[in-house]
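Heads up, the thing below is written out as structure tokens.
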Amino acid sequence: MKTVISVVLLNFLLWTNLFAVELKADLVVVNANVRTMDAARPRAAAFAVVGGRIAALGANEEIRQLIGPNTETLDAGGRLVLPGFNDAHVHFLDGGAGLSSVDLRDAKTPAEFVERIRKFAAGLPKGRWIQNGNWDHENWTPNALPTAAMIDAATPDNPVFINRLDGHMALANSLAMKLAKVDRETKDVAGGEIVRDAAGNPTGVFKDSAMGYIYRVIPDFSFAEKTEYLQAATDYAASLGVTSVQDMSAGTDVGVYQELLRQGRLKTRVYAVSTLSDWQRWQRAGIRRAFGGAMLRVGGLKGFADGSLGSTTAWFYEPYLDAPGSYGLAADEMPNMYEKVKNADQNDLQVMIHAIGDRANDEILKIYERVAREDGARDRRFRIEHAQHLNEGLIKRFAADRVIASMQPYHCIDDGRWAWKRLDEKRLKGTYAFRSLLDAGATLAFGTDWFVAPLNPMFGIYAAATRRTLDDKNPNGWIPEQKITVEEAVRAYTYGSAYAEFQETEKGTLTKGKLADFVVLSDDIFAIDPVKIRDVRVLTTVVDGKVVYRAK
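Residue 1122 in this note's numbering is what sits at position 538 of the sequence shown, and the numbering runs on without skipping anything.
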């Protein structure tokens, strides 16, 4: 009964004039440059929080009236305050585990790659698996794929399975392949490839679904280890101003999130997404889209249409320039994909499909269009994750079909270093088509794909607004006509991401009645040269009206 009374009282306070009653705020933010991302009230100097929600916005003098003896005051010192960032696409457990794994992302040569692995292995007990890594052979000259032979001497006692930074191929050492019983007689699987030498022997690189050969023999993390890794992830997210994430690989690990939430240690709101094949599990449980509470929800399902450009497994209508016989890989048979999407949709579960190549995007849009025709109009919010390589026709269909383009801008400035080796100029024009999608009326939701890319939202906003590639060879931007404004990028990282998870009435803008999730930045990203945005720091992060991070 007390809970019901509290909820009724809170709603009364939020939707009436707080100044007309004697109650005081839990938290007030003053002397701030507040950009609410709410078109109805875009700016404010101060705001008040009651019960974890925005209760009032206004001038400093007005909001100071709500300070009581128990009110916490946050003086922003004139700095920029934004809604908390909502990363629409992460792999949170893997990202947390990667914080304590070998880091190969910026290894510039094969020799440096091997040496980093050697040093990391030297500190591990015999038999411990070495995973993650996030290597990128495109950093090397020549850009040949690594092999098991390169790392065997450095890892004689530890099985290795380290992924490329896109997560769509990984390198095993000979010990790992022995444990998995993989040899030249092992067959490729649909939607995957075992890379082989001229004699037909596996080199150690496994692509997409073929990675399952190795993953099946890797011991799963214990519950305690998963809790540790997710704790590291939520702490790290708070330090970057990320207050919500949409975890694309939560799967059966929702219980780990529940444990952190029970202990009061979860600092990030989580939409825990499962695999598309899990639709029957949610159906039996009676779960529908976006089910749960403000901190933890389920009901989203993710599938795969193809692989990645970096692994030459993204699915195209025309072949790769550097692999003339290859069009990439379909990760699933499209009739199977249709059946899973239709079943999920009929049970009111949200569907999001990974699609990178133009054919993959086309095939998924066809399935979405067919399901919508057959099952009738309603607010589905179908999503395509990545939506990287499009053409004019596909872009128009995103808008017409109201399919959300869930994109990761950092990939643009990474891929832009070498994508020209794989795709012709015609196809490149529709690559990471932020501007064209917005102009067509499509909805953008931004994220990072962490662990694949850095979690820092400043890098993504910088990438969307400048498109300057990581090698600094495109100072005016790679495919500059697809740049968007800083404000458009921030909106995609806040309101757009909230909309993508059916939460735009709860978060995404600093609006009266919405959740009090916000961030204080070191610099005004709307006023500085966009090139400097990547250096902007988070000073304070607040979730549910409580400070979860303060810069030292």
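Note that beta-carbon positions come from the ideal geometry of N, C-alpha and C, so glycine has one too.
> Near V1115, what residues of its chain come up, given a Cβ to Cβ distance below 8 Å and the 5 sequence neighbours on each side ignored?
Replying inline: By one-based count along the sequence shown, residue 1115 stands at place 531. Cβ neighbours of V1115 beyond the five flanking positions: Y1046, T1050, R1052.
> Which residue or residues does DSSP assign as beta-bridge partners of G884?
Replying inline: Along the sequence shown, one-based indexing puts residue 884 at 300. According to DSSP, which records beta bridges pairwise, G884 is partnered with Q934.
>> Can you confirm whether the stretch 850 to 859 touches the stretch 873 to 887 when touching is taken to mean that 3 or more C-beta pairs between the two stretches lie within less than 8 Å?
In response: yes
>> Between the stretch 1026 to 1045 and the stretch 1056 to 1067, can you find at least three pairs of beta-carbon atoms closer than 8 Å?
In response: no
> Run through DSSP, which three-state label would V588 get?
Replying inline: Here residue 588 is taken as the residue at index 4 of the sequence shown, counted from 1. In this predicted model, V588 has a pLDDT of only 44, less than 50, meaning its place in the structure is not dependable; the value taken from the coordinates is given anyway. In this structure, DSSP gives V588 a helical state, which the three-state scheme calls helix.
> Is it a yes or a no for the stretch 1101 to 1112 touching the stretch 694 to 705, going by three-plus beta-carbon pairs under 8 Å?
Replying inline: They do not touch, by the three-pair rule.
>> Report the CB separation of H673 from S895 in whole angstroms; it is logged as a contact under 8 Å.
In response: Position 89 of the sequence shown, counted from the first residue, corresponds to residue 673. Position 311 of the sequence shown, counted from the first residue, corresponds to residue 895. With 8 Å as the limit, H673 and S895 do not qualify as a contact, their Cβ atoms being about 18 Å apart.
>> Restricting to Cα atoms, I'd like to know which of A774, L824, A1003, G1014 is closest to K791.
In response: Indexing the sequence shown from 1 puts residue 791 at position 207. Cα-wise, what sits closest to K791 is A774.
>> Assuming I979 and A889 are in contact, meaning their beta carbons sit under 8 Å apart, how far apart are those beta carbons, in whole angstroms?
In response: Here residue 979 refers to the residue found at position 395 of the sequence shown. Here residue 889 refers to the residue found at position 305 of the sequence shown. That pair is no contact at about 17 Å.
> Taking the continuous alpha helix (DSSP H) assigned at K810, which residues delimit it?
Replying inline: For this step, residue 810 is matched to residue 226 along the sequence shown. 807 to 823 is the span of the alpha helix (DSSP H), which, as asked, contains K810.
>> Which same chain residues end up closer than 6 Å to A1073 when comparing Cβ atoms and leaving out the 5 residues on each side of it in sequence?
In response: Walking along the sequence shown from the start, residue 1073 turns up at place 489. Taken in chain order, the residues that qualify are I1045, A1048, A1049.
> DSSP puts K1130 in a beta bridge; with which residues?
Replying inline: To locate residue 1130, count along the sequence shown from 1; it is residue 546. V1127, per the DSSP bridge assignment.
> Assuming V612 contacts I638 under a Cβ cut-off of 8 Å, what Cβ separation, rounded to an integer in Å, is found between them?
Replying inline: To locate residue 612, count along the sequence shown from 1; it is residue 28. To locate residue 638, count along the sequence shown from 1; it is residue 54. In fact, because the Cβ distance is near 11 Å, the residues do not count as touching under 8 Å.
>> What does the alpha-carbon distance come out to for the pair A754 and A1037?
In response: Here residue 754 refers to the residue found at position 170 when the sequence shown is read from its first residue. Here residue 1037 refers to the residue found at position 453 when the sequence shown is read from its first residue. Rounded to the nearest angstrom, the two C-alpha atoms are 16 Å apart.
>> When you compare the CB positions of L974 and A1029, do they come within less than 7 Å of one another, or not?
In response: Residue mapping note: residue 974 aligns to position 390 of the sequence shown, counting from 1. Residue mapping note: residue 1029 aligns to position 445 of the sequence shown, counting from 1. Remark: C-beta atoms of L974 and A1029 do not approach each other more closely than 7 Å.
>> Could you tell me the alpha carbon to alpha carbon distance between T770 and L1099, rounded to whole angstroms?
In response: Taking the sequence shown and counting its residues from 1, the one referred to as residue 770 is at position 186. Taking the sequence shown and counting its residues from 1, the one referred to as residue 1099 is at position 515. Distance between the alpha carbons of T770 and L1099: 53 Å.
> Smallest Cα separation from G662: which of R627, G682, G652, A705?
Replying inline: The residue given as residue 662 occupies position 78 in the sequence shown. Comparing Cα-Cα distances from G662 to each of R627, G682, G652, A705, the minimum goes to R627.
>> Helix, strand or coil, according to DSSP, for L1028 in the structure here?
In response: As a first step, residue 1028 is located in the sequence shown; it is residue number 444 there, counting from the start. Correct three-state label for L1028: strand.
>> Going by beta-carbon coordinates alone, are R748 and W724 separated by less than 7 Å?
In response: Here residue 748 corresponds to residue number 164 of the sequence shown, with the count starting at 1. Here residue 724 corresponds to residue number 140 of the sequence shown, with the count starting at 1. Cβ distance not < 7 Å, so R748 and W724 don't count as in contact.
> Among residues of its own chain, excluding the 5 on either side of T852, which ones have a beta-carbon nearer than 6 Å to its beta-carbon?
Replying inline: Against the sequence shown, residue 852 aligns to sequence position 268. Excluding sequence neighbours, T852 sits near T818, A821, V829.
> Three-state secondary structure (DSSP) at W863?
Replying inline: Counting from 1 along the sequence shown, the entry for residue 863 is found at position 279. Reduced to three states, the DSSP call for W863 is helix.
> Taking Cβ positions, are V618 and V686 nearer each other than 7 Å?
Replying inline: Along the sequence shown, one-based indexing puts residue 618 at 34. Along the sequence shown, one-based indexing puts residue 686 at 102. Their beta carbons are not under 7 Å apart, which means V618 does not touch V686 by this criterion.
> Taking the alpha carbon of A691 as the point to measure from, which residue in H721, Q715, D678 has its own alpha carbon closest?
Replying inline: Position 107 of the sequence shown holds residue 691. Residue H721 is the option with its Cα nearest to A691.
>> So, for S590: in the same chain, excluding its five sequence neighbours on each side, which residues have a beta-carbon less than 6 Å away from its beta-carbon?
In response: Within the sequence shown, the letter at position 6 stands for residue 590. Per-residue confidence for S590 stands at a pLDDT of 47, beneath the threshold of 50, marking its modelled position as unreliable; the derived number appears in the next sentence. If we look at S590 and ignore the five residues flanking it on each side, it has no Cβ neighbours.
> Thinking just about the alpha-carbon of each residue, which of A961, L1105, E1088 is nearest to the one in D1119?
Replying inline: Start at 1 with the first residue of the sequence shown, and residue 1119 comes out as number 535. Looking at the Cα atoms, L1105 is the closest of the given residues.
> So the beta strand (DSSP E) K791 belongs to, where does it begin and stop?
Replying inline: Taking the first residue of the sequence shown as 1, we reach residue 791 at position 207. DSSP places K791 inside the beta strand (DSSP E), whose first and last residues are 786 to 792.
>> Do K710 and D678 count as a contact pair if the criterion is CB distance below 7 Å?
In response: Taking the first residue of the sequence shown as 1, we reach residue 678 at position 94. Taking the first residue of the sequence shown as 1, we reach residue 710 at position 126. Going by C-beta atoms, D678 is not nearer than 7 Å to K710.
> How would you write the range of the alpha helix (DSSP H) that D999 sits in, first residue to last?
Replying inline: As a position in the sequence shown, residue 999 is number 415, starting the count at 1. Unbroken alpha helix (DSSP H) run through D999: 993 to 999.
> Can you list, in chain order, the residues of its chain whose CB lies under 8 Å from that of E777, leaving out five sequence neighbours each side?
Replying inline: As a position in the sequence shown, residue 777 is number 193, starting the count at 1. F790, K791, D792, A794, T897, L913, listed in sequence order.
> Where do the N-terminal and C-terminal ends of the beta strand (DSSP E) with L755 fall, by residue?
Replying inline: Numbered from 1 along the sequence shown, position 171 holds the residue referred to as residue 755. Segment 753 to 756, the beta strand (DSSP E) holding L755.
>> Taking the straight line between their C-alpha atoms, what separation do you get for I746 and G717?
In response: The residue you call residue 746 lines up with position 162 of the sequence shown. The residue you call residue 717 lines up with position 133 of the sequence shown. Looking at the two C-alpha atoms, the distance is approximately 5 Å.
> Applying the criterion that 16 or more other CB atoms from any shown protein chain within 10 Å of the CB defines a buried residue, is L844 buried or exposed?
Replying inline: Within the sequence shown, the letter at position 260 stands for residue 844. Under this definition L844 is a buried residue.
> Quick one: any contact between the stretch 925 to 939 and the stretch 859 to 869, if contact means 3 or more CB pairs under 8 Å?
Replying inline: yes
> Which residues in the same chain as E656 place their Cβ atom closer than 6 Å to its Cβ, once the five residues preceding and following it in sequence are excluded?
Replying inline: Translated into the one-based positions of the sequence shown, residue 656 becomes position 72. Answer for E656: L611, listed in chain order.
> Would you say Q972 and T1032 are within 7 Å of each other, going by their C-beta atoms?
Replying inline: Locating residue 972 in the sequence shown gives position 388, counting from the first residue. Locating residue 1032 in the sequence shown gives position 448, counting from the first residue. No. Outside cutoff.
>> Suppose you measure from the CA of A660 to the CA of A630; what does that come to, to the nearest Å?
In response: For the purposes of this step, residue 660 is identified with residue 76 of the sequence shown, where counting begins at 1. For the purposes of this step, residue 630 is identified with residue 46 of the sequence shown, where counting begins at 1. Their Cα atoms are separated by approximately 9 Å.
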